[in-house]
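Under the numbering used here, residues 1 to 146 are what the sequence shown spells out, in order. A virtual CB, placed ideally from N, CA and C, is assigned to each residue, including glycine.
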Amino acid sequence: DGRGMAAALALGMDGVMMGTRFLASEEALPSARVKQCVVQAMASDTVRTRLFDEVRGIDWPEGYRGRAIGNDFSAAWVGEEQAFAASVDRLHAEYETAMAADDVSIKAIWAGEVADLIKDIQPAQLIMESTLRGYADSIERLRAFR
């Protein structure tokens with residue numbers, strides 16, 4: 001939101017990433033089911049894991065993990081990496097079927113910890129206007145501390 005944007009820029013960042021927020025926009029390509037998962041998620045619902053990449057055959061360098069909303073798939077396999085590795089070929093086919101069926105209990109919904117700030121699905125223009133308004137309001141409040 002705008003407060004987070006103001007804080008990031010005040011701390012010297014060059015910009016902010018808003019991918020999770022725009023995932024819950026009317027224009028985003030994912031299904032309504034995926035968007036609703038983002039709206040309902042809390043930061044504590046997210047997990048950092050390589051499982052969703054590995055089941056799709058994507059091999060990132062060590063240390064890289066994506067953050068996704070936890071689901072039945074991640075709950076079953078996070079912490080069970082050896083068993084997962086032994087089952088990955090079978091799981092790949094199941095995962096592909098789940099992707100085609102938009103099964104959010106299995107497929108990855110990539111989202112950041114900011115998910116708990118997202119309360120609704122809005123048009124992208126409204127998201128931008130609200131963010132910029134919140135940013136301007138935050139900067140104006142900070143000016144009072146001069």
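query: Given the structure, does residue 146 come close to the ligand HEM, in the sense that its CB is under 7 Å from one of the ligand's heavy atoms?; result: As presented, the structure is devoid of all ligands, the ligand HEM included, so that no description of it is given.
query: Among the residues of its own chain, which have a CB less than 6 Å from the CB of residue 67, if the five just before and after it don't count?; result: 46, 48, 112
query: Could you check whether residue 13 and residue 135 sit closer than 8 Å to each other, using their CB atoms as the reference points?; result: no
query: Relative to the C-alpha of residue 77, which candidate in 95, 9, 115 has its C-alpha closest?; result: 95
query: Nearest to residue 27 by CA position, among 143, 140, 146, 127, is which residue?; result: 127
query: Note down, in chain order, each residue of its chain lying with its Cβ closer than 8 Å to the Cβ of residue 182, except the 5 sequence neighbours on either side.; result: Summary: the structure shown does not reach residue 182, with the chain confined to residues 1 through 146, and so no result is reported for it.
query: How far does the alpha helix (DSSP H) with residue 66 in it reach, from first residue to last?; result: Note, residue 66: premise wrong, no alpha helix (DSSP H); beta strand (DSSP E) at 66-69.
query: Residues in its own chain within less than 7 Å of residue 33 by CB, not counting five upstream and five downstream?; result: 102, 104
query: Can you check the region 37-116 for any beta strand (DSSP E) of at least 3 residues that lies completely inside it and give the ranges in chain order?; result: 46-49, 66-69
query: Using 8 Å as the threshold, is the C-beta distance between residue 21 and residue 118 below it?; result: yes
query: List the endpoints of the continuous alpha helix (DSSP H) containing residue 5.; result: 2-10
query: Could you tell me which residues DSSP puts in a beta bridge with residue 25?; result: 122
query: Go ahead and label residue 54 buried or exposed: buried means 16 or more other beta carbons lie within 10 angstroms of its beta carbon, across all protein chains shown.; result: buried
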